[in-house]
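Report on one structure; see the data block that follows.
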Amino acid sequence: MSVTTQKRIKHLARYFGILGTLCLLGYGTGLAPLFLFFVGPPILLSFWLRTSAPFLVSWIPNNPFFNNVLLLYPVTLIYFGLAGFQLKNILNERGRVRFLILTAFVGFLFYIHRQAAQELFLYWDGSKRL
């Protein structure tokens, strides 16, 4: 791997953090159904934190603005940052192992995002309630 490729890959987690921020902003504007696929896992994780682990987030007021800024945004940054960090580590592998692990990782992320989007679309349609 060349030096320039290593320099570009070095900051991949930051780029994924920026991507997560843009997806969350797109979800918050009026394009929620479009961006629900991308921010579905952080939304479900922050909902799980709110309901299953209230001792961790009891200091956050139950207000949509504070919930988005103090809970959903950090969870989204952590999720996308860890995904970018893992992708950077996978791209540093060599040979066929890189392709195999990258295929499995992308497939796993696609499965997680698809399942989260399906679950959240049920709430979006009104057939379930959070």
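Using this note's numbering, you'd call the opening residue of the sequence shown number 1 and step up by one each time. Glycine included, C-beta positions come from ideal geometry on N, C-alpha and C. Keep in mind that this is a model prediction, so the values were computed, not measured.
Asked                                                                                   : Found
Alpha-carbon to alpha-carbon, Y27 and L34                                               : 8 Å
Extent of the continuous alpha helix (DSSP H) to which P61 belongs                      : P61 -> no alpha helix (DSSP H), and no H or E assigned at all.
Pick from L19, C23, L31, A13 that is closest to W124, judged by C-alpha positions       : L31
Proximity below 8 Å, CB of I60 to CB of N68                                             : no
For T29, three-class secondary structure by DSSP                                        : coil
Same chain, Cβ closer than 8 Å to L130, neighbours up to 5 away in sequence not counted : Unreliable positioning characterises L130 in this predicted model, as indicated by a pLDDT of 49, which lies under 50. A coordinate reading is not provided.
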